[in-house]
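Here's the structure we're looking at; comments come further down.
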Amino acid sequence: MTKRAYNFNAGPSALPYEVLETAQKELLDFQNTGMSIMEMSHRSATFEEVHNGAIERLRKIYSIPENYEVLFLQGGASLQFAMIPMNFLQEGKTASYIQTGSWSEKAVKEAKLFGNIATAASTKENKYRNIPSIQEITWNEDDAYVHLTSNNTIFGTQWKVFPDTGNVPLVADMSSDILSTPVDVSKFGIIYAGAQKNLGPSGVTVVIMRKDLLEKENQNIPTMLKYSTHADNNSLYNTPPTFGIYMLGEVLKWVENKGGLEQVAKNNEEKAALIYNVIDQSNGFYKGHAEKDSRSLMNITFRVTDEELEKKFLAEAKAAGFVGLNGHRSVGGCRASAYNAVPREACQALADFMVKFQQDHQ
Ligand code: PMP
């Protein structure tokens with residue numbers, strides 16, 4: 025294996041080494057076609073097999089029910105912030121948004137352009153350190169939908185149980201924890217995620233949508249921004265990001281080979297625990313941002329006791345080969361993103377580094 029960095033980037037982030045190796049092997053000549061996957065028609069049988077294979081694998085891994093569409097779109101999760109209300113926030117209706125961080129705020133900002141927004145719950149006053157309890161969440165039976173962010177990439181919090189919104193569709197931005205743990209898709213109206221954390225390289229956006237919602241779609245919007253355009257054309261209405269879809273398919277094979285979502289979740293729990301344990305046993309030298317029961321297994325956010333020492337920590341960590349440990353530019357501090365493809369050894373190495381740094385600076 026060539027030397028790989030300890031990559032804790034928040035996204036784009038680490039991809040499985042095996043997947044990169046396959047991509048490298050297949051780059052110049054994909055399945056004896058004499059060309060790379062990027063150079064062939066998206067209408068060719070070869071590409072279609074890759075495309076449909078990725079859809080089928082995702083269906084299988086998540087046991088996605090038949091009455092759900094799996095769509096591959098573009099524009100990132102950020103375009104979904106706008107497409108969802110544009111399509112489903114009908115005139116006179118309200119959508120309820122649960123605010124748990126900056127990405128939820130961005131989703132609200134877009135939705136306000138299209139209709140009435142209610143706050144179903146917000147943890148802003150607590151500096152987004154926690155996920156609201158199910159009892160705190162309010163919505164109305166005639167809401168167009170309820171929206172939440174399953175994992176808050178910047179603040180490092182993650183939902184463990186989701187609210188049951190009954191007949192009101194639950195919409196979830198799962199950009200930063202999709203494919204990290206089993207999820208009962210049938211509890212959701214829409215799940216969406218940009219690919220660049222657990223799914224593959226940036227460029228593809230996965231949308232899993234209950235088919236009956238398409239009937240309520242707004243008709244007076246541009247073709248490309250209507251979900252039915254993509255659903256009716258198997259996400260091949262226009263040229264899709266072919267390389268990204270190929271990589272997504274390979275990442276899904278990797279998840280299958282790892283033993284599926286249950287095994288991946290177990291690995292993620294063990295990996296995150298290596299770092300959280302150091303924080304918890306540091307007598308306050310490291311301080312976790314998230315409240316314990318809201319902690320994310322994907323993004324571990326923490327601070328070092330004093331700011332000078334924190335700068336030193338980040339500089340020394342960088343020199344020691346740890347990449348991406350700076351917190352998001354809007355909040356500062358430190359953040360280790362331990363997505364699916366970050367190996368256990370990298371988390372162990374970071375945990376060891378943190379212990380040593382504390383010993384040297386106390
Ligand atoms: N939602 C969440 C939870 C995110 O972490 C991100 C990106 N970091 C986004 C949305 C925005 O995604 P994109 O860059 O794909 O638009």
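Mapped onto our numbering, the consecutive letters of the sequence shown carry residue numbers 25 to 386.
In this text, a Cβ means the ideal position worked out from N, Cα and C, and glycines have one as well.
Under the three-state reduction of DSSP, Ile61 is assigned to helix. By the C-beta criterion, the segment 300 to 313 is judged to be in contact with the segment 324 to 333, since at least 3 inter-stretch pairs fall below 8 Å.
Across the structure, Lys282 and Val228 are spaced so that their CA atoms are roughly 23 Å apart. A contact is defined here as three or more CB-CB pairs under 8 Å, and the segment 138 to 154 meets this definition with respect to the segment 170 to 180. Cβ neighbours of Gly218 within its own chain (closer than 6 Å, five residues either side excluded): Gly100, Ala101, Ser199 and Thr229.
Sequence-distant partners of Glu286 (beyond 5 residues in either direction) whose C-beta falls short of 7 Å from its own C-beta, in its chain, are Pro206. Lys250 and Glu241 have their C-alpha atoms roughly 8 Å apart.
Boundaries of the beta strand (DSSP E) around Val195: Leu194 to Asp197. Within the same chain, Gly190, Asn191 and Val192 come within 8 Å of Glu165 by CB-CB distance, once the 5 residues on both sides are set aside.
Met107 and Lys184 have their alpha carbons spaced roughly 26 Å apart. Residue list for the ligand PMP: Gly35, Gly100, Ala101, Ser102, Trp127, Thr173, Thr177, Asp197, Ser199, Ser200 and Gly218 (CB closer than 6 Å to any heavy atom, chain order). With 16 or more other Cβ atoms inside 10 Å of its own Cβ, Asn33 counts as buried.
Within 10 angstroms of the beta-carbon of Thr247 lie fewer than 16 other beta-carbons, which makes it exposed. Sequence-distant Cβ neighbours of Ala375 in its own chain, meaning closer than 8 Å and more than five residues away, are Leu298, Ile299, Asn301 and Val302.
Residue state for His352 is assigned as coil, using DSSP reduced to three classes. In this structure, the beta-carbon distance from Ala255 to Leu82 does not fall below 8 Å. Residues of the same chain with a CB within less than 7 Å of the CB of His385, apart from the 5 flanking positions on each side, are Leu333 in chain order. Here the alpha carbons of Ala47 and Ser37 stand approximately 16 Å from one another. When the five nearest sequence neighbours on each side are left out, the beta carbons in the same chain lying within less than 8 Å of the beta carbon of Val209 are those of Tyr86, Ser87, Ile88, Pro89, Tyr92, Ile215 and Ile232, in order along the chain.
Residue pairing by DSSP places Ala29 in no beta bridge whatsoever. For Glu315, same chain residues with a beta-carbon under 7 Å away, outside a window of 5 residues either side, are Arg153 and Asn154 in chain order.
Counting C-beta pairs with one atom in each stretch, the segment 68 to 75 and the segment 259 to 268 have three or more that are closer than 8 Å, which means they touch. Ranked by Cα distance from Asn258, the options Glu80, Glu63 and Asn56 are led by Glu80. Annotation for Leu113: Ala119, Ala135, Phe138, Gly139 and Ala168 place their beta carbon closer than 7 Å to its own, counting only its chain and skipping 5 residues before and after. Take the alpha-carbon of Gln383 and the one of Arg319: they are about 25 Å apart. Under the three-state reduction of DSSP output, Tyr86 falls in the helix class.
8 Å or more divides the Cβ of Gly312 from the Cβ of Leu39. A residue is called buried once 16 or more other Cβ atoms fall within 10 Å of its Cβ, and Arg28, having fewer, is exposed.
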